[in-house]
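Chains as they are written, first to last, in the numbering used here: chain F, 229 to 734; chain Z, 46 to 345. Where is the CB? At the ideal position from N, CA and C, for every residue including glycine. Have a look at the structure below, then the notes.
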């Protein structure tokens, strides 16, 4: 694109930001011209969201300058950035479902007439804004809760535009959208572009990035490693910029062929709201890694197998016998255990003791008062398991919230081992866990597989995914995009995940 | 854009009005079979009086509940207000205005305390307002054994017993207060912001709404409404009554009326119109049971 005016709307120079001593952004330079869609890509944790939050005034940079419309600016709050003309469309929607479109758009700035809210003006302004971006068919008096996600996204954008925004920051705007809704969003972004509005567009999805942007900045480990003209860039080139680091950690040995047992879990043609056409077989003694981007369905797969968000179609069998995984309880009866990625929210009961946490599942499926001896035996068994997972705590009566993430995770693991599960589902088993405890968890996972369990492990950390798994399946858009044997590279996984190769492409 | 934007279609009236009509119809049938009359003048007047007292409290309660909070101290505020009003009047018409002002000011102060505890001190509204209520209970139990003070005769004759046809003046007062609250909720920035804070405080904050100020104001308005209910009850009883609020179950019944009226207990959705319906429903059930001489726990 040659017709672009040279003076940038937004110029970031040498932006650095640390949290608790961890350097999240390091000397990032980035410019957005008026009417340009500038995409920012990078792996999970590369610093994209932090960078967006610096631009929209949520975070303040430790070093570097933000220049907007030719003048250096410091935004201390989101409100200050908004007033300067930077609108942000957050990844999660920030709308009130019970209020109308117009009420949401003007919240906090309701137009007044003789001291009272001018509802007519509110509605007509909103209608005008909607019409200006080609969404005039959306009635401004509708309750937002009655709109689809794509239309809510439109409302969110209009809310940002109502501030006379000249720069729009969009953080993963398509995360919640269906395919045809994505097309609508494309059209909308292009119309904004025609109005001379600059767009800073964060996305995991390379297809969108290539469809929409004029330039792409690649973030890796907090640095802007490249800024590329989209027209001159290929997908392979981009992927190469995004990955590429040495595999430094140690992982336990993979399963030898003779260690693999019979097929434990079979899923055929299964699906639900987030998943389609899932076919997979999981063998005893095997660790099956599940890769993919956030929202690709990898967590949905684990949750479906555990009955937390069950499959609505398809067949599942465990050890050859058909089962219906309608609830976590049903899954537990079938011998399935699940360690959630959200340890604080779904894993631990923070205010209860280590022992109570570890006993939770055993208590849930067995009788609450198992008679004389039974309770003592059960507790003794869990104590053994706590020792077996090498849990370090001041005592088993200690409230679990005071433990480190790694020890919390070991308690959660002990909880499931108390049920002697045959199938274990791990979702991000080492998220937020320090390096030492990480390899302890890795060893445990492998030991469980060696003892005959079938393990499915979701991970967004590519080294972990590749280092731990005997096989890897990669999810994309709720489907299994492809399967990789041991020895695959990070590039292979990314390529499947973003859709530059694979059978589900297009 | 094809047509000029129209005002949003009125939402369907809350189901509480359907329930109200059904209750009255079934109640009338049962009472008639029982040999009584539900819609006689005395019964109707009494029903509307019950509705007026409860309604004033419930309209205030609507404001805090829509804002995502709750006020469980209203029953004690009602009692306190009857006492402040009646004792200040001491049977003197001349002291009428200052007495009402004093009762309302005392109520508003309690509302302010509630609001600050809930917002600035970040105490759960349930705990905060029960706590304030218990403080008031201590004061009332300690200071009073029974009725005290004497309501000004003109107030008794006016607000207490004056009627327009079958409709007591007090019920008209309720309608006026409800209309004012409806207007505030739908036509002022404060109202819009209050509903937003109740819907999602974080969304409201990101949109530039000052949540603390909004919620404190709602608590003051709620307490003012309870204070007004106290003034009304003083006019009915002729004196201040230290336990009228709790014996009338104004705390729980006001919340019941609000919820029956379709306001979400979590906040962010609802309004005053439904609350008035909820109040009439509760008052009707009360009247039916009175006619049948059934003694249930909430019939007075």
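Whole angstroms is fine: what's the gap from residue i's alpha carbon to residue j's?
i             : j             : result
residue 330/Z : residue 571/F : 49 Å
residue 180/Z : residue 166/Z : 17 Å
residue 446/F : residue 267/F : 8 Å
residue 527/F : residue 658/F : 14 Å
residue 137/Z : residue 196/Z : 8 Å
residue 531/F : residue 609/F : 27 Å
residue 344/F : residue 633/F : 52 Å
residue 294/F : residue 307/Z : 48 Å
residue 714/F : residue 519/F : 13 Å
residue 596/F : residue 612/F : Here the model assigns residue 596/F a pLDDT of 46, short of 50, so the residue's position is not dependable and the matter cannot be decided.
residue 132/Z : residue 125/Z : 11 Å
residue 708/F : residue 117/Z : 54 Å
residue 230/Z : residue 219/Z : 16 Å
residue 241/F : residue 238/Z : 38 Å
residue 213/F : residue 253/Z : Residue numbering for chain F in the displayed model covers 229 to 734; residue 213/F lies beyond these limits and cannot be assessed.
residue 458/F : residue 163/Z : 53 Å
residue 666/F : residue 448/F : 23 Å
residue 286/Z : residue 278/Z : 9 Å
residue 130/Z : residue 318/Z : 29 Å
residue 251/F : residue 403/F : 27 Å
residue 319/F : residue 295/Z : 44 Å
Strictly below 8 Å CB to CB, what residues from chain Z border residue i?
i             : result
residue 401/F : Those within 8 Å of residue 401/F in chain Z number zero; the least Cβ separation is about 17 Å.
Do we get a CB-CB distance below 8 Å when we pair residue i with the residues of chain F?
i             : result
residue 248/Z : yes
residue 254/Z : yes
residue 306/Z : no
residue 234/Z : yes
residue 244/Z : yes
residue 61/Z  : no
residue 237/Z : yes
residue 325/Z : no
My understanding is that residue i touches residue j, with C-beta atoms under 8 Å, so please give their C-beta distance in whole angstroms.
i             : j             : result
residue 192/Z : residue 284/Z : 4 Å
residue 322/F : residue 251/Z : 6 Å
residue 127/Z : residue 242/Z : Between residue 242/Z and residue 127/Z the Cβ distance is about 32 Å, and since that is not below 8 Å, they are no contact.
residue 470/F : residue 722/F : 7 Å
residue 76/Z  : residue 325/Z : 17 Å between Cβ atoms; not a contact.
residue 266/Z : residue 108/Z : 5 Å
residue 313/F : residue 503/F : 41 Å between Cβ atoms; not a contact.
residue 577/F : residue 437/F : In fact, because the Cβ distance is near 41 Å, the residues do not count as touching under 8 Å.
residue 324/F : residue 244/Z : 4 Å
residue 728/F : residue 434/F : 7 Å
Apart from the five residues just before and just after residue i, which ones in its own chain have a Cβ nearer than 7 Å to its Cβ?
i             : result
residue 476/F : Low confidence applies to residue 476/F: its pLDDT is 45, below 50, so where it sits in the model is not reliable enough to give any reading.
residue 492/F : 510, 511, 512, 546, 547, 650, 651, 682
residue 487/F : 513, 678
residue 473/F : In this prediction, residue 473/F scores a pLDDT of 48, lower than 50, which makes its location untrustworthy; no coordinate-derived value is stated.
residue 692/F : 658
residue 701/F : 508, 516, 518, 708, 711
residue 286/F : 306
To which residues of the same chain is residue i closer than 8 Å at the C-beta, ignoring the five residues directly before and after it?
i             : result
residue 269/Z : 105, 149, 152, 153, 156
residue 416/F : 361, 362, 363, 382, 385
residue 550/F : 543, 544
residue 575/F : 567, 568, 636, 637, 640
Name, please, each residue of chain F whose Cβ falls closer than 7 Å to the Cβ of residue i.
i             : result
residue 230/Z : Those within 7 Å of residue 230/Z in chain F number zero; the least Cβ separation is about 10 Å.
residue 314/Z : 326
From the beta carbon of residue i, is the nearest beta carbon of chain Z less than 8 Å away?
i             : result
residue 374/F : no
residue 395/F : no
residue 695/F : no
residue 416/F : no
residue 366/F : no
residue 340/F : yes
residue 344/F : yes
How would you list, in chain order, the residues of chain F whose beta-carbon sits under 8 Å from the beta-carbon of residue i?
i             : result
residue 251/Z : 306, 322
residue 258/Z : Within 8 Å Cβ-Cβ: nothing; residue 258/Z doesn't reach chain F, min ~13 Å.
I want to verify the contact list: residues of chain Z whose CB lies under 7 Å from the CB of residue i, in sequence order.
i             : result
residue 362/F : Per Cβ cutoff of 7 Å: no residues; residue 362/F is ~10 Å from chain Z at best.
Excluding the 5 residues preceding and the 5 following residue i in the sequence, name in chain order all residues of the same chain whose CB lies nearer than 6 Å to its CB.
i             : result
residue 494/F : 509, 545
residue 96/Z  : 324, 325, 328
residue 587/F : 610
Can you pull the chain F neighbours of residue i, defined as C-beta to C-beta under 9 Å?
i             : result
residue 241/Z : 324, 327, 331, 332, 335, 336
residue 113/Z : Result: empty, since nearest Cβ-Cβ is about 12 Å, beyond 9 Å.
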